[in-house]
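Enquirer: Here the sequence shown stands for residues 166 to 275, numbered as in my numbering.
The beta-carbon is built from N, C-alpha and C at its ideal position, and this holds for glycine as well.
Provided herewith is a single structure, encoded as structure tokens, for subsequent inquiry.
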Amino acid sequence: MVWITADVHYAAAHFYDPGKAQFTDFAPFWEFVAGPLHAGTFGPNALDNTFGPQVMFHSVPKDMKPNRPPSEGLQFFGKVTIQGKDDVMHVSLHNLQGDKLYAVELPPVV
Numbered sequence: 166m167v168w169i170t171a172d173v174h175y176a177a178a179h180f181y182d183p184g185k186a187q188f189t190d191f192a193p194f195w196e197f198v199a200g201p202l203h204a205g206t207f208g209p210n211a212l213d214n215t216f217g218p219q220v221m222f223h224s225v226p227k228d229m230k231p232n233r234p235p236s237e238g239l240q241f242f243g244k245v246t247i248q249g250k251d252d253v254m255h256v257s258l259h260n261l262q263g264d265k266l267y268a269v270e271l272p273p274v275v
């Protein structure tokens, strides 16, 4: 399972692991966060440990002042493709200039 989250003000990749969670009756899943392209940047907040989140990537420095303007270049977008030949999902997070900041390949689970 993959969650794609938008209308937040940073980019991140989270992996949710039942082996590290308080509630453990679920299959591991991913959440990818990006956007919006033209709004103040802030976050992320602390993550709740119910589903054992692991921060694999996040885009903003911990000491950043909140609500940074778009002129500071901290806007982000994501890209998802699925290859037809092997059904692998390729997810990448990018900055406003299109530079790839994080990427992961997720093979299908059957």
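Can you tell me the Cα-Cα spacing of asparagine 210 and lysine 227, whole angstroms?
Expert: Cα to Cα, asparagine 210 sits roughly 10 Å from lysine 227.
Enquirer: If you follow the beta strand (DSSP E) that glutamate 196 is part of, which residue opens it and which one closes it?
Expert: From DSSP, the beta strand (DSSP E) with glutamate 196 extends over 194 to 198.
Enquirer: Is it the case that the Cβ atoms of tryptophan 195 and phenylalanine 180 are separated by a distance below 7 Å?
Expert: yes
Enquirer: Taking C-alpha atoms, which residue in Pro201, Gln187, Ala186, Pro193 lies nearest to tyrosine 175?
Expert: Pro201
Enquirer: Under 6 Å Cβ to Cβ from isoleucine 247, same chain only, skipping five residues before and after it: list those, please.
Expert: Met254
Enquirer: Hey, leucine 266 and glycine 243: beta-carbon distance below 7 Å or not?
Expert: no
Enquirer: Determine the extent of the beta strand (DSSP E) in which valine 275 is found, giving its start and end residues.
Expert: From DSSP, valine 275 is part of no beta strand (DSSP E); its letter is neither H nor E.
Enquirer: So if DSSP puts tyrosine 181 in a beta bridge, which residue, or which two residues, is it bridged to?
Expert: Phe194, Pro218
Enquirer: For valine 275, is the classification buried or exposed, using 16 other Cβ atoms within 10 angstroms of its Cβ as the cut-off for buried?
Expert: exposed
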